[in-house]
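Below is one structure, written out as structure tokens; the observations come after it.
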């Protein structure tokens with residue numbers, strides 16, 4: 006009984022020893038086999054630098070791994086750029102052509118991703134993939150591909166999980182041996198290394214391509230690009246355009262002493278900043294932009310704009326300076342030319358006896374000259390930046406003038422000439438005649454005004470004195486003329502009275518002479534009243550053509566049948582502001598004078614109207630302040646004309662070319678006075694022996 010038990014125990018022990026020896030032998034064979042395949046894998050990826058052979062290399066790795074682990078399916082999965090999806094990069098056996106690329110959403114399998122990320126064994130060995138919590142989330146994939154067990158290895162790149170190497174056992178569950186797990190982990194490390202090499206090869210190629218593109222871009226720029234070492238001051242790079250700018254090839258500056266060679270080309274008085282820029286003393290006196298001059302070997306002078314930035318390391322220490330050199334010779338010469346013109350212009354403004362003022366679009370003073378300060382008594386600091394209207398104009402004028410100015414700014418058009426009263430610092434006022442011009446920005450927008458002013462106070466006072474003298478002189482001539490004419494009338498009346506007292510006198514004829522003299526005196530009195538404008542004036546806006554057409558029947562009665570009267574009206578609907586009775590009086594007076602001049606000497610009288618535009622200088626020549634559109638009404642005859650020596654006197658009161666007793670000499674003077682009152686003027690032209698033409702100019706109103 007005892008022997009039987011001992012024998013059974015010994016037999017069982019020998020059986021277990023035999024089984025262990027068999028299992029150990031199998032493990033040794035598996036280890037040998039795996040070591041052999043590992044050696045083959047290492048040989049296969051010794052130098053995987055040809056990125057085009059990576060797919061073939063991965064296929065070889067998958068084939069050898071499948072053989073070593075005795076599995077039918079091996080695949081490599083990589084995370085996409087967002088890290089939200091696993092995509093099958095390679096699969097063995099190769100899927101049918103056109104089959105969709107297998108993908109797994111990371112969000113659908115958090116337990117699997119966590120197991121891959123956190124494994125400390127280098128691999129995740131799952132004996133029953135359908136029931137294991139780490140892989141059960143992949144149930145659909147596992148069933149579809151009949152996967153029973155998984156041996157998955159994380160593919161670790163520099164600092165990140167890049168993907169998974171999957172070994173899939175089909176059919177039932179499977180126990181993975183320690184040697185198989187170690188082998189799979191080694192293969193995963195080799196595959197990760199291969200993928201990293203591939204990534205670096207691609208990165209190097211992209212970098213070379215990017216460098217080539219940037220080099221092409223840099224060498225195509227219209228500026229010179231440079232870079233130098235901030236620690237040593239030695240040039241690292243200089244683009245080929247330096248030949249066009251500095252007259253030397255880049256290679257001549259990129260050698261020892263090249264920086265000194267560039268500094269020597271700089272004009273001596275500009276070298277200080279350049280030398281600091283190109284030294285290793287970056288922190289002291291460093292300017293990000295310099296403008297300086299260089300002189301080429303042929304003596305030519307060029308202006309250079311040197312713009313750069315400092316490149317620093319992680320600790321903030323300067324390691325390089327990179328920048329550009331631009332040839333701005335043309336631009337700088339234009340700036341200098343413009344500055345010289347501005348200097349000359351300012352010198353001119355300061356030297357002439359006119360007021361110069363520049364305002365911005367809001368009416369603030371931007372510039373004044375010395376003549377302005379001398380006239381107004383202000384200091385420059387009191388005027389620059391101040392509101393020009395409230396500072397210089399009387400209160401009653403400032404609001405209106407400012408509103409007109411702002412409206413002109415909005416419309417882009419200013420009143421060219423106007424007269425204002427300006428207030429001096431001491432409270433006194435001066436009259437100034439301004440000429441205004443809008444100032445424009447480079448885009449054409451109106452940004453202010455430039456005005457030149459002339460102090461006309463003294464001139465106006467002198468003109469007032471002269472005008473008063475002329476009035477007194479005119480009054481003297483008027484009194485003399487009236488006295489002369491009334492003396493003649495009194496002589497006639499006196500002679501007639503003598504005849505009435507004489508018994509032999511003809512009382513009837515004497516009475517007629519007295520009546521004629523009285524009528525002539527009354528006519529003289531009416532002319533004087535009209536000339537003096539004692540009658541009320543009621544100006545209205547009317548069309549000259551319309552009034553003349555209404556007056557034509559009366560005018561035709563004034564012209565004898567022996568004369569030919571014609572008229573042509575072409576001022577259309579243009580309106581003027583004048584008393585219609587006075588305008589009729591002017592027209593009838595001119596026609597009556599033409600009739601008197603033409604009878605016995607000519608045969609034609611012509612009345613016409615038209616529109617003309619007077620330029621500023623033409624308007625000023627006739628005493629008007631502003632240019633504009635005028636209606637011209639003309640009366641022409643072909644009589645004997647007016648001698649040139651007296652043509653300028655025809656509008657003087659009591660001056661007449663008619664025979665004694667036939668005219669008072671007030672008709673044309675009255676016409677000129679009426680037209681001046683309406684804002685216009687009268688002209689007279691004559692060719693002796695060929696007639697005369699009188700024209701009245703009346704300004705058109707809206």
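Numbering (the working numbering), first residue to last: 6 to 707.
Quick reminder that beta carbons are idealized off the backbone N, C-alpha and C, glycines included.
(message) Please tell me whether residue 612 and residue 570 are closer than 9 Å, where the distance is taken between their beta carbons.
(response) One-based indexing of the chain shown puts residue 612 at position 607. One-based indexing of the chain shown puts residue 570 at position 565. Closer than 9 Å, so yes.
(request) From the DSSP output, in three-state form, read off residue 676 for me. (result) Residue mapping note: residue 676 aligns to position 671 of the chain shown, counting from 1. Three-state result, residue 676: helix.
(message) Looking only at its chain, what residues have a beta carbon closer than 8 Å to the beta carbon of residue 316, apart from the 5 residues adjacent to it on each side?
(response) Start at 1 with the first residue of the chain shown, and residue 316 comes out as number 311. Within the same chain, residue 316 has close Cβ partners 235, 323, 324, 325, 326, 327.
(request) Grab the span of the beta strand (DSSP E) containing residue 702 for me, first residue to last. (result) Taking the chain shown and counting its residues from 1, one reaches residue 702 at position 697. Run containing residue 702: 697-706, per the beta strand (DSSP E) assignment.
(message) Run through the DSSP bridge pairs and tell me what residue 130 is partnered with.
(response) Here residue 130 refers to the residue found at position 125 when the chain shown is read from its first residue. DSSP links residue 130 through a beta bridge to 156.
(request) Would you kindly check if the distance between the Cβ of residue 705 and the Cβ of residue 639 is under 9 Å? (result) For the purposes of this step, residue 639 is taken as residue 634 along the chain shown, with counting starting at 1. For the purposes of this step, residue 705 is taken as residue 700 along the chain shown, with counting starting at 1. Contact: no.
(request) Please list, in chain order, all residues of the same chain as residue 641 whose beta carbon is under 7 Å from its beta carbon, the five residues on each side excluded. (result) One-based indexing of the chain shown puts residue 641 at position 636. If we look at residue 641 and ignore the five residues flanking it on each side, its Cβ neighbours are 611, 696, 698.
(message) According to DSSP, simplified to helix, strand and coil, what is residue 583?
(response) For the purposes of this step, residue 583 is identified with residue 578 of the chain shown, where counting begins at 1. Residue 583: strand per DSSP, three-state reduction.
(request) Give the C-beta separation of residue 295 and residue 276 to the nearest angstrom, bearing in mind that I take them to be a contact with Cβ-Cβ under 8 Å. (result) The residue labelled residue 295 in the question sits at position 290 within the chain shown. The residue labelled residue 276 in the question sits at position 271 within the chain shown. The beta carbons of residue 295 and residue 276 sit about 11 Å from each other, so the pair does not count as a contact at 8 Å.
(request) Would you kindly work out how many angstroms separate the C-alpha atoms of residue 544 and residue 341, rounded to a whole number? (result) By 1-based counting over the chain shown, the position of residue 544 is 539. By 1-based counting over the chain shown, the position of residue 341 is 336. If you take the alpha carbons of residue 544 and residue 341, they lie about 59 Å apart.
(request) Kindly indicate which residue of 608, 584, 194, 175 has the alpha-carbon position closest to the one of residue 703. (result) If you number the chain shown from 1, residue 703 lands on position 698. Measuring C-alpha to C-alpha distances from residue 703 to each of 608, 584, 194, 175 identifies 584 as the nearest.
(message) Which residue marks the beginning of the beta strand (DSSP E) containing residue 271, and which one marks its end?
(response) The residue given as residue 271 occupies position 266 in the chain shown. Looking at the DSSP string, residue 271 is not in any beta strand (DSSP E), and its letter there is neither H nor E.
(message) Tell me the rounded alpha-carbon separation between residue 548 and residue 349.
(response) Position 543 of the chain shown, counting from 1, holds the residue named residue 548. Position 344 of the chain shown, counting from 1, holds the residue named residue 349. The alpha-carbon of residue 548 is positioned some 51 Å away from that of residue 349.
(message) Within the continuous alpha helix (DSSP H) that includes residue 396, where are the two ends?
(response) Counting from 1 along the chain shown, the entry for residue 396 is found at position 391. Start and end: 393-397.
(request) Measuring alpha carbon to alpha carbon, tell me which of 343, 251, 444 ends up nearest residue 414. (result) Stepping through the chain shown from its first residue, residue 414 is reached at position 409. When 343, 251, 444 are compared, the shortest CA-CA separation from residue 414 is found for 444.
(message) Which residue marks the beginning of the alpha helix (DSSP H) containing residue 243, and which one marks its end?
(response) Here residue 243 corresponds to residue number 238 of the chain shown, with the count starting at 1. The continuous stretches of alpha helix (DSSP H) do not include residue 243, which lies in the beta strand (DSSP E) extending over residues 240-243.
(request) Determine the contact status of residue 575 and residue 616, defining contact as a CB-CB distance below 9 Å. (result) Counting from one through the chain shown, the residue named residue 575 turns up at place 570. Counting from one through the chain shown, the residue named residue 616 turns up at place 611. Closer than 9 Å, so yes.
(request) Would you grab the beta carbon distance between residue 456 and residue 309 for me? Rounded to a whole angstrom, and I think it's under 8 Å. (result) Counting from one through the chain shown, the residue named residue 456 turns up at place 451. Counting from one through the chain shown, the residue named residue 309 turns up at place 304. Taking a contact as a CB-CB distance under 8 Å, the pair residue 456 and residue 309 does not count as one, their CB atoms being some 40 Å apart.
(message) Just to confirm the assignment: which complete beta strand (DSSP E) runs, minimum length 3, are found wholly within the stretch 54-135?
(response) Complete beta strand (DSSP E) runs here, min 3: 78-84, 90-97, 108-110, 129-131.
(request) Taking 9 Å as the cut-off, decide whether the C-beta atoms of residue 231 and residue 271 are in contact. (result) Within the chain shown, the letter at position 226 stands for residue 231. Within the chain shown, the letter at position 266 stands for residue 271. Not in contact: residue 231 and residue 271 (Cβ atoms no closer than 9 Å).
(request) Look at the Cβ atom of residue 458, then the Cβ atom of residue 439, and state whether they are nearer than 9 Å. (result) Along the chain shown, read from residue 1 onward, the residue named residue 458 stands at position 453. Along the chain shown, read from residue 1 onward, the residue named residue 439 stands at position 434. Less than 9 Å separates the beta-carbon of residue 458 from that of residue 439.
(message) Please classify residue 173 as buried or exposed, where buried requires at least 16 other C-beta atoms within 10 Å of its C-beta.
(response) Here the question's residue 173 lines up with position 168 in the chain shown. Residue 173 comes out buried.
(request) Would you kindly report the start and end of the unbroken beta strand (DSSP E) that includes residue 641? (result) Numbered from its first residue, the chain shown carries residue 641 at position 636. If you look at residue 641, you'll find it in the beta strand (DSSP E) that goes 633-642.
(request) Reducing DSSP to helix, strand and coil, say where residue 443 ends up. (result) Counted from its first residue, the chain shown places residue 443 at position 438. Judged by DSSP in its simplified three-state form, residue 443 adopts strand.
(message) According to DSSP, is residue 305 part of a helix, a strand, or is it coil?
(response) One-based indexing of the chain shown puts residue 305 at position 300. Judged by DSSP in its simplified three-state form, residue 305 adopts coil rather than helix or strand.
(message) One question on the structure: do residue 593 and residue 568 come within less than 9 Å of each other, judged by their Cβ atoms?
(response) As a position in the chain shown, residue 593 is number 588, starting the count at 1. As a position in the chain shown, residue 568 is number 563, starting the count at 1. No.
(request) Compute the beta-carbon to beta-carbon distance between residue 228 and residue 330, rounded to the nearest angstrom, for a pair I have assumed lies under 8 Å. (result) Along the chain shown, one-based indexing puts residue 228 at 223. Along the chain shown, one-based indexing puts residue 330 at 325. Indeed they touch by this definition, with Cβ atoms about 6 Å apart.
(message) In whole angstroms, give me the CA-to-CA distance for residue 144 and residue 154.
(response) Locating residue 144 in the chain shown gives position 139, where the first residue counts as 1. Locating residue 154 in the chain shown gives position 149, where the first residue counts as 1. For residue 144 and residue 154, the distance between alpha carbons rounds to 12 Å.
(request) Could you tell me which of 70, 251, 292, 89 sits nearest to residue 303, measuring between CA atoms? (result) Reading the chain shown from its first residue, position 298 is the one you call residue 303. Of the candidates 70, 251, 292, 89, the one whose C-alpha sits nearest the C-alpha of residue 303 is 251.
(message) Spatial neighbours of residue 402 within its chain, please: C-beta separation below 7 Å, excluding the five flanking residues on both sides.
(response) Position 397 of the chain shown, counted from the start, is the residue given in the question as residue 402. Counting only Cβ-Cβ distances below 7 Å, and skipping sequence neighbours, we find 425, 426.
(request) For residue 54, count neighbouring Cβ atoms within 10 angstroms of its own Cβ and tell me buried if that reaches 16, exposed if not. (result) In the chain shown, residue 54 corresponds to position 49, counting from 1. Model confidence at residue 54 stands at a pLDDT of 47, short of 50, so the residue's coordinates are unreliable; what they give is reported in the following sentence. Residue 54 is exposed by the Cβ-count criterion.
(request) Report the partner residues of residue 165 according to the DSSP bridge assignment. (result) On the chain shown, position 160 is the one that residue 165 refers to. Its beta-bridge partners are 162.
(request) Would you list the residues sitting across from residue 453 in a DSSP beta bridge? (result) If you number the chain shown from 1, residue 453 lands on position 448. BP columns for residue 453 point to 365, 444.
(message) Considering just the uninterrupted stretch of the alpha helix (DSSP H) at residue 298, what are its terminal residues?
(response) To locate residue 298, count along the chain shown from 1; it is residue 293. In the DSSP annotation of this structure, residue 298 is not part of any alpha helix (DSSP H); the continuous beta strand (DSSP E) holding it starts and ends at 294-300.
(message) Distance check for residue 124 and residue 175, CA to CA, integer angstroms please.
(response) Here residue 175 refers to the residue found at position 170 when the chain shown is read from its first residue. Here residue 124 refers to the residue found at position 119 when the chain shown is read from its first residue. Here the alpha carbon of residue 175 sits roughly 23 Å from the alpha carbon of residue 124.
(message) For a quick check, are the C-beta atoms of residue 246 and residue 226 less than 9 Å apart?
(response) If you number the chain shown from 1, residue 246 lands on position 241. If you number the chain shown from 1, residue 226 lands on position 221. Contact: yes.
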